[in-house]
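Below is one structure; the comments refer to it alone.
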Amino acid sequence: MKQKNFQKFALPVVLLYVALLYIPSLYNGFTTWDDPLHILENPAIKSLDIKSVLALFIPSVKYMYHPLTMISFAIDWFLGGDHPLYYHATNYFLHLSNVALVYLLINKIAQNRTTAFLTALIFGIHPFNVETVAWISARKDILFSFFFLLGLTVYLRYKQKRNFTLLLFVFFCYIFGLLAKPTMVIFPAALLLVEWMQEGLSRKTLRPIILLFFTLSFLYGIFTFLLSSSDTSVDFAILTYSLPQRILLIVYSFTFYFLKIFFPVSLSAVYSYPVLITLKDYLPITLTILTALGAMLILYFAARKKYQQELVFAVVVYSLPLIFVTQVLPFHNSSVTADHYGYLSSIGVIFFILFHLEKYFHSDLSVQKIHLALLRCFQMLVIVVFSLLTLQRIAVWKEGKTLFTDVIEKNNSIWLAYNNRANAEIQLNEFKNSILDCDTALTLNPHDGKIYYNRGNARSYLGEYSAAISDYDSAISLGFSSHLVFYNKGIAYTQLHRADSALLSLHEAIKRDSTFAQAYFSLGFLFLDALHKPNDAIKYFTTALRYNPVYREALYQRSAAYTELNEPWNALQDLVTYFSLNEGTQRNVPLAKLINRSLDSLNGELIKLDDAINQNIDVRNNYFRRSKIYSLLGDSTRTQNDLLLARSMKKP
365 MKQKNFQKFA LPVVLLYVAL LYIPSLYNGF TTWDDPLHIL ENPAIKSLDI KSVLALFIPS
425 VKYMYHPLTM ISFAIDWFLG GDHPLYYHAT NYFLHLSNVA LVYLLINKIA QNRTTAFLTA
485 LIFGIHPFNV ETVAWISARK DILFSFFFLL GLTVYLRYKQ KRNFTLLLFV FFCYIFGLLA
545 KPTMVIFPAA LLLVEWMQEG LSRKTLRPII LLFFTLSFLY GIFTFLLSSS DTSVDFAILT
605 YSLPQRILLI VYSFTFYFLK IFFPVSLSAV YSYPVLITLK DYLPITLTIL TALGAMLILY
665 FAARKKYQQE LVFAVVVYSL PLIFVTQVLP FHNSSVTADH YGYLSSIGVI FFILFHLEKY
725 FHSDLSVQKI HLALLRCFQM LVIVVFSLLT LQRIAVWKEG KTLFTDVIEK NNSIWLAYNN
785 RANAEIQLNE FKNSILDCDT ALTLNPHDGK IYYNRGNARS YLGEYSAAIS DYDSAISLGF
845 SSHLVFYNKG IAYTQLHRAD SALLSLHEAI KRDSTFAQAY FSLGFLFLDA LHKPNDAIKY
905 FTTALRYNPV YREALYQRSA AYTELNEPWN ALQDLVTYFS LNEGTQRNVP LAKLINRSLD
965 SLNGELIKLD DAINQNIDVR NNYFRRSKIY SLLGDSTRTQ NDLLLARSMK KP
């Protein structure tokens, strides 16, 4: 009875525990680590119509090619705008789904619910996996893992039922996984592993569907590699290492992830590249550990002649997701390792250790019950310790400053951490602290333009516009020529009342991003406020609204420009839209004055139209004009009366 109850409630218990443990992650905010790039400053996800969704499938060197991940961000934006809860909730439920799939997959492979229960639980609460769940921008890893696990689980089901619908479902999981993250190209190898485990190596093992998947993976891999290597501005840190050192870096990476699964301590958002001077310096540290562990496993299982299939499954599941992130093929990355790369890989190691322990303690008659009880106590201790470490790690990912302070505390030689903390401090209005962090980052790396860009932003907020412009120029000279640096430089020139220089910088920003609504708005404001050219200002405000239809400030300033041109109808129309997008603005004194000016102009227009109608001057058209004014003023009765009178008259 107890065993039946355990089988019935094992999965719900795992899901409930993991769900409760990760609740604090729902209250985290955005970080300054890729979240602005993918979400807050990404116009591509700000709409969810067919045209916008299709545009996400167009390759760009700005982002890794993961259109499905971007679509998921667009859905989050549609539901909750810039509120971080919606994005964290999506990661939260995807992680719970992955935990459930791990349970189902391991149960099918091991035919042991206890192993499946413990594997899913440890995977779900492991501190090493916090980064993937708590970091919004790691969505691609958690989403591709979902389709990988779902496809593999359904394929095992297909092996039993031989139902074509199930096979078609696996195919779509594969395609969706590729669109979530290119690492899904490893999926055919996982299917081949399943075939080998169940039927052994033979010609039948390479089924046509698996061959099709391998072909698609090969073509897709070439496509994404060419796309990533097309950005010639990227500095590949891996290229600074010699070929022998790169081989050791691969060894280092595989060892790193393996050890972190067993000892998830000193976890960090950024790990520095290891210093590899010669083979002699590095060989004793990592290669010895890896060789010793590998030799122990091979000798042990060769002697016992047991569990070879499970060992191969564990090794393959561990290794496959890491192949393309261990710099086998060079790619740009701030560190040679990252916690979120080990999310899927951790399943293989966790599974095999737990599987072997369960088999040993239940098949060996010499093992006493007290030993099994001690094992359960140890497993409980691991669960408690991992849970506490996970809660601590979730708190680290609360926002940008806490995240990069944690990185600095663990390694104060990573310039990137100081630069990212400086960026976070700008968001918190801690501008002096931001400048200090930028100064430290520059002592560690004086050749990165992003540091000068961040320091320029901090100085600009402090009103040090000349110093800010100097920093922006340094950023540009070092190759950081983003539209944002020219935009912020233009704003600094505007504050110094150097309109000509501001115009040049803002136009340069638009050259680099023709959809950047803020640059058009700033140009409009410059023409309205400094150059006193309301006609030109209206053109730029209108362009800004084309790229951002809910740009409230653009509506407000365009209404001011229309008022300057004595066009009260257009001015009030913009103000009405502004009100509909921005509740609580009635107490805005400048806005109230602007509305009063528009209303006075409309009343004056009404008097003129009344006089013209009384004098029988263009009566039909004047009735139409007067109906529009009554409509703006909310007088529906007079609006309808004038429309009826106008329509009853014949056209002249």
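First residue of the sequence shown: 365, per our numbering; consecutive thereafter.
For each residue, glycine too, the CB sits at the ideal point set by N, CA and C.
- Task: Taking T395 as part of the alpha helix (DSSP H), name the residues at either end of that continuous run.
- Result: Careful: T395 lies outside any alpha helix (DSSP H) and carries neither H nor E.
- Task: Figure out for me which residue from A702, E928, V700, V681 has the closest Cα to the Cα of I711.
- Result: Comparing Cα-Cα distances from I711 to each of A702, E928, V700, V681, the minimum goes to V681.
- In the structure shown, what three-state DSSP assignment does I778 receive? Reduced to three states, the DSSP call for I778 is coil.
- Alpha carbon to alpha carbon, how far is L449 from H861? 41 Å
- Query: Are there 16 or more other CB atoms within 10 angstroms of the CB of L991, so buried, or fewer, so exposed?
  - Reply: Note on identity: in this sequence residue 991 is Ser, with Leu being the wrong assignment. So S991 counts as buried.
- Query: Taking buried to mean at least 16 other C-beta atoms within 10 Å of its own C-beta, is M548 buried or exposed?
  - Reply: That one is buried.
- Query: Comparing alpha-carbon positions, which option in N978, E722, L745 lies nearest L736?
  - Reply: E722
- Query: By the 10 Å Cβ neighbour count, where 16 or more other Cβ atoms means buried, how is Q756 classified, buried or exposed?
  - Reply: By the Cβ neighbour-count rule, Q756 is exposed, with fewer than 16 other Cβ atoms within 10 Å of its own.
- Short check: CB of A873 to CB of G888, under 8 Å? no
- Message: I'd like the ranges of any alpha helix (DSSP H) spanning at least 4 consecutive residues and lying wholly in the region 865-930.
- Response: 881-889, 898-911, 916-928
- Message: Using only the alpha-carbon positions, how far apart do H490 and S709 sit?
- Response: 12 Å
- Item | Contact set for A480: own chain, Cβ-Cβ below 6 Å, skip 5 residues either direction | Y467, I470, N471.
- Query: Does the Cβ of G843 have 16 or more other Cβ atoms within 10 Å, making it buried, or fewer, making it exposed?
  - Reply: Residue burial annotation: G843 is exposed, with fewer than 16 other C-beta atoms found within 10 angstroms of its C-beta.
- Could you pull out every residue in the same chain whose Cβ sits closer than 6 Å to the Cβ of R359, ignoring the five residues on either side in sequence? Residue 359 falls outside the range modelled here, since the chain spans only 365 to 1016, and no answer is possible.
- Message: So V494 and W761 are supposed to be a Cβ contact under 8 Å. How far apart are they, rounded?
- Response: 7 Å
- Within 8 Å (strictly less), CB to CB, does A822 reach chain D? Protein chains in the displayed structure number just one, and chain D is not present.
- Item | CB contact flag (Y825, Q859, <8 Å) | In this structure, Y825 lies away from Q859, with their beta-carbon atoms at least 8 Å apart.
- Item | When G820, Y429, R1002, E794 are compared against N852, the one with the closest alpha-carbon | G820
- Boundaries of the alpha helix (DSSP H) in which I611 is found, first to last residue: 607-626
- Item | DSSP-derived helix/strand/coil call for S751 | helix
- Message: Short of 7 Å in beta carbon distance, which residues of its chain neighbour N1005, apart from the five on each side in sequence? Order them along the chain.
- Response: none
- Query: How about I387 and L412: are their beta carbons less than 8 Å apart?
  - Reply: no
- Query: Out of curiosity, what's the CA-to-CA distance linking G364 and L514?
  - Reply: Since the first and last residues shown for the chain are 365 and 1016, residue 364 lies out of range.
- Message: If you follow the alpha helix (DSSP H) that F540 is in, where does it begin and where does it stop?
- Response: 528-544
- Item | For F551 and S838, the rounded distance between their alpha carbons | 45 Å
- Please name the residue, chosen from P431, P628, F577, that lies closest to S751 on a Cα-to-Cα basis. P628
- Message: Given a cut-off of 8 Å on the beta-carbon distance, is the pair V558 and L520 in contact?
- Response: yes
- Message: Please report the straight-line C-alpha distance between S636 and G445, rounded to a whole angstrom.
- Response: 34 Å
- Task: Let me know if G968 comes out buried or exposed under the rule of 16 or more other beta-carbons within 10 Å of its beta-carbon.
- Result: Classification of G968: exposed, given that the 10 Å Cβ count is below 16.
- Task: Assign T517 to buried or exposed, taking buried as 16 or more other Cβ atoms, counted over all protein chains shown, within 10 Å of its Cβ.
- Result: The residue in question, T517, is buried, as its Cβ has 16 or more Cβ neighbours within 10 Å.
- Task: Taking A935 and S944 to be in contact with their CB atoms under 8 Å, please state how far apart those CB atoms are, rounded to whole angstroms.
- Result: Actually they do not touch by this definition, with Cβ atoms about 15 Å apart.
- Message: Let me confirm a value: G948 is counted as buried when at least 16 other C-beta atoms fall within 10 Å, else exposed. Which label applies?
- Response: Note on G948: pLDDT 46, under 50, position unreliable in the model; the coordinate value appears next. G948 is exposed by the Cβ-count criterion.
- Query: Beta-carbon separation of A883 and A863 under 8 Å?
  - Reply: Against a cut-off of 8 Å, the Cβ pair of A863 and A883 comes out as no contact.
- Shortest alpha-carbon distance to F716 belongs to which of I611, W397, I625? When each option's Cα is compared against that of F716, the closest is I625.
- Answer with buried or exposed for L380, where buried requires no fewer than 16 other C-beta atoms within 10 angstroms of its C-beta. exposed
- 8 Å Cβ cutoff met for V634 and I778: yes
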